[in-house]
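Per my numbering, the very first residue in the sequence shown carries number 2; after that it's consecutive.
Backbone N, C-alpha and C define an ideal beta-carbon position, used for all residues, glycine too.
None of these values were measured; they are calculated from a predicted model.
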Amino acid sequence: MINYTLAFASSLDGFIARYAEDNPFEWTSKNDQDHLKNLINQHEWQVMGRKTHELNPNHARKRIVFSRQFEKVQLIKEDIPNQYYFNPDLNQWHEFEKICSTSVLILGGTKIHDFFLYANLIDKIFITVEPIYFKTGIPAFSYINFHDIIPFFIEKGFSNNQKTVNDKGTVLIELNKI
Numbered sequence: 002m003i004n005y006t007l008a009f010a011s012s013l014d015g016f017i018a019r020y021a022e023d024n025p026f027e028w029t030s031k032n033d034q035d036h037l038k039n040l041i042n043q044h045e046w047q048v049m050g051r052k053t054h055e056l057n058p059n060h061a062r063k064r065i066v067f068s069r070q071f072e073k074v075q076l077i078k079e080d081i082p083n084q085y086y087f088n089p090d091l092n093q094w095h096e097f098e099k100i101c102s103t104s105v106l107i108l109g110g111t112k113i114h115d116f117f118l119y120a121n122l123i124d125k126i127f128i129t130v131e132p133i134y135f136k137t138g139i140p141a142f143s144y145i146n147f148h149d150i151i152p153f154f155i156e157k158g159f160s161n162n163q164k165t166v167n168d169k170g171t172v173l174i175e176l177n178k179i
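(1) Could you tell me whether the segment 126 to 138 touches the segment 75 to 84, using the rule of 3 or more Cβ pairs below 8 Å?
(2) Nearest CA to the CA of Gln70: which residue from Phe97, Asn92, Ser11, Asp168?
(3) Which two residues bound the contiguous alpha helix (DSSP H) that contains Ile128?
(4) Counting C-beta neighbours from all protein chains within 10 Å, is the total for Ala8 16 or more, i.e. buried, or is it exposed?
(5) Among Pro152, Lys157, Ile174, which one has its Cα closest to the Cα of Lys164?
(6) Apart from the five residues on each side of it in sequence, which residues of its chain come closer than 6 Å, Cβ to Cβ, to Glu96?
(7) Just checking, does the segment 52 to 63 make contact with the segment 107 to 123 on the three C-beta pairs under 8 Å criterion?
(8) Pick from Asn88, His60, Ile123, Asn57: whose alpha carbon is nearest that of Ser68?
(9) Identify whether Leu7 lies in helix, strand or coil by the three-state DSSP scheme.
(10) Tell me whether Phe142 is buried or exposed, calling it buried when 16 or more other Cβ atoms sit within 10 Å of its Cβ.
(11) Report the residue from Ala10, Asn162, Asn4, His44 whose alpha carbon sits nearest the alpha carbon of Ile176.
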């Protein structure tokens, strides 16, 4: 059985980025970056959208990159094993599960979060809330207001644990499917 973990950082007003090419490593805390590294090391595969992949390429990591530009599952580059493009609109889910058979870390963006949410595949969620305001930007989910995320997942049967991880007020939220 595949375990799916969603992880993202957000501003206090609920945005995961200020604009499409915004790199979270420029505004997230060291605590969040260390937590993300630990999560990456704990999961065999990463799933993300094409823009997220292009912002932070890493040839050493196993990745499935969702993109509607490709009609079949294919290697991103022939000389890099274990990194694939996958079109969720055209490809059958069993093809995805042939590639990823253990643990998957979902890294975004919004459309990727939405896909796994509506497919009811998410087992665990980590949200790092950084003590900054963007006022506008890219939301974590298309149809869930940021301040409704925790009640939404509690209603779906998730437990909720929160802790402050530094002196600046960064909060780590962990939601687990019960």
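Short version:
(1) no
(2) The count along the sequence shown starts at 1 and reaches residue 70 at position 69. From the listed residues Phe97, Asn92, Ser11, Asp168, the smallest Cα separation to Gln70 is found for Asn92.
(3) Against the sequence shown, residue 128 aligns to sequence position 127. Premise fails: Ile128 lies in the beta strand (DSSP E), 125 to 130, not in any alpha helix (DSSP H).
(4) If you number the sequence shown from 1, residue 8 lands on position 7. It counts as buried.
(5) Here residue 164 refers to the residue found at position 163 of the sequence shown. Nearest of Pro152, Lys157, Ile174 to Lys164, Cα basis: Ile174.
(6) Position 95 of the sequence shown, counted from the first residue, corresponds to residue 96. Within the same chain, Glu96 has close Cβ partners Val74.
(7) yes
(8) Residue numbering aside, residue 68 sits at position 67 when the sequence shown is read from its first letter. Comparing Cα positions, the closest option is Asn88.
(9) Taking the first residue of the sequence shown as 1, we reach residue 7 at position 6. Looking at Leu7 - three-state DSSP - the assignment turns out to be strand.
(10) Locating residue 142 in the sequence shown gives position 141, counting from the first residue. Under this definition Phe142 is a buried residue.
(11) Counted from its first residue, the sequence shown places residue 176 at position 175. Strictly speaking, residue 176 in this sequence is Leu, with Ile absent from that position. Per the Cα distances, Asn162.
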